[in-house]
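Per the numbering used here, residue 19 is the first one in the sequence shown, and the count goes up by one each step. Note that CB positions come from ideal geometry on N, CA and C, so glycine has one too. Remember, predicted model here, so these are calculated numbers, not experimental data.
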Amino acid sequence: IVYWLSEKMRAAFKTGRQLGDVAEPNQGLITADNDRFLRQWWEVSEGRTGLGCRSRVEASESHQRWFPYNKGGDFRRWYGNQEYVVNWEHDGDEIRAFGTEDGGRARSRPQNVDYYFKPTISWSDISSGAPSFRRFPWGFIHGNKGNSVFGSPLLLDRLLGVMNAPCATMILEALTPTMTASVGDVAKTPIPDSSAELSTSTIESLVAVAQTDWDTYEISWGFERNPLVALRR
19 IVYWLSEKMR
29 AAFKTGRQLG
39 DVAEPNQGLI
49 TADNDRFLRQ
59 WWEVSEGRTG
69 LGCRSRVEAS
79 ESHQRWFPYN
89 KGGDFRRWYG
99 NQEYVVNWEH
109 DGDEIRAFGT
119 EDGGRARSRP
129 QNVDYYFKPT
139 ISWSDISSGA
149 PSFRRFPWGF
159 IHGNKGNSVF
169 GSPLLLDRLL
179 GVMNAPCATM
189 ILEALTPTMT
199 ASVGDVAKTP
209 IPDSSAELST
219 STIESLVAVA
229 QTDWDTYEIS
239 WGFERNPLVA
249 LRR
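Here it is as structure tokens:
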């Protein structure tokens, strides 16, 4: 019983449509052995890494081995947490076969594969603080800890603004009293009809600022030079 929600906040559940009715939230790839199948992007050959693929077909035809993987990560809004790659060579043949080598059942779970590589907004499954939502562009495979919402680019931008707003944070605190924000919980978040008229210009600015900030770290593949060095030029 969330007695502490205001009357207007409770009314949102009656007047708003659930996020799961306006977009498509789902879980992604479970490798069953991250130590075997995941690497941080700087640990593998740049020549064997496929960035920016827009479909499983394009990824397979690229003959690359490593592809960006959305693993979740720390609290970060708008953009970032792009550090990992996954072995998805030949449309994930090695992962799909994991566990069957000795006649057993497959241990991995490549879920919702038709959504792989599509743009998304995502949040971390487990967080010690409030859930934080961020944009992921084309080219990522989402995992079971980097839960994701799919839809048109305009819809995703508007949902990104709604889900990072303080009111959505309060609603999620009511829906997810534990440290886990599951796909099912987030799918129940009420989305106001007025969000269809939400301007995305501010959201684009926030994403751009967050991306610029992310690219100042050497763990970003968009890093060019240390910002302190840039200031001296």
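The beta strand (DSSP E) that contains residue i, what's its start and end?
| i | result |
| --- | --- |
| residue 56 | 56–58 |
| residue 140 | 138–140 |
| residue 18 | Since the first residue shown for the chain is 19 and the last is 251, residue 18 is missing from the structure and cannot be characterised. |
Is residue i buried or exposed, if buried means 16 or more other CB atoms sit within 10 Å of its CB?
| i | result |
| --- | --- |
| residue 207 | buried |
| residue 3 | The question about residue 3 has no answer here: the residues shown for the chain are numbered 19 through 251. |
| residue 32 | exposed |
| residue 160 | buried |
| residue 58 | exposed |
| residue 21 | exposed |
| residue 106 | buried |
| residue 83 | buried |
| residue 101 | buried |
Can you find the residues in the same chain that come closer than 6 angstroms, C-beta to C-beta, to residue i, ignoring five residues on each side of it along the sequence?
| i | result |
| --- | --- |
| residue 124 | 117, 118 |
| residue 218 | 175 |
| residue 40 | 209 |
Counting along the chain, where does the alpha helix (DSSP H) carrying residue i start and finish?
| i | result |
| --- | --- |
| residue 85 | Residue 85 -> not in any alpha helix (DSSP H); beta strand (DSSP E) instead, spanning 84–88. |
| residue 119 | Segment: none, residue 119 is in no alpha helix (DSSP H) and carries neither H nor E. |
| residue 115 | 111–115 |
Do you know offhand how far residue i's Cα is from residue j's?
| i | j | result |
| --- | --- | --- |
| residue 158 | residue 140 | 11 angstroms |
| residue 235 | residue 121 | 45 angstroms |
| residue 144 | residue 199 | 6 angstroms |
| residue 96 | residue 165 | 15 angstroms |
| residue 69 | residue 215 | 33 angstroms |
| residue 54 | residue 188 | 38 angstroms |
| residue 37 | residue 178 | 11 angstroms |
| residue 191 | residue 148 | 7 angstroms |
To which residues of the same chain is residue i closer than 8 angstroms at the C-beta, ignoring the five residues directly before and after it?
| i | result |
| --- | --- |
| residue 172 | 218 |
Tell me which same chain residues have a C-beta within less than 7 angstroms of the C-beta of residue i, skipping the five on either side of it?
| i | result |
| --- | --- |
| residue 94 | 150, 152 |
| residue 98 | 152, 228, 232 |
Check your understanding: Can you give, in chain order, each stretch of the beta strand (DSSP E) that sits fully within the segment 165–243 and has at least 3 residues?
Key -> 166–168
**Study point:** Complete runs of the alpha helix (DSSP H) confined to the segment 27–107 [at least 4 residues]
**Key:** 37–40, 52–55, 74–79
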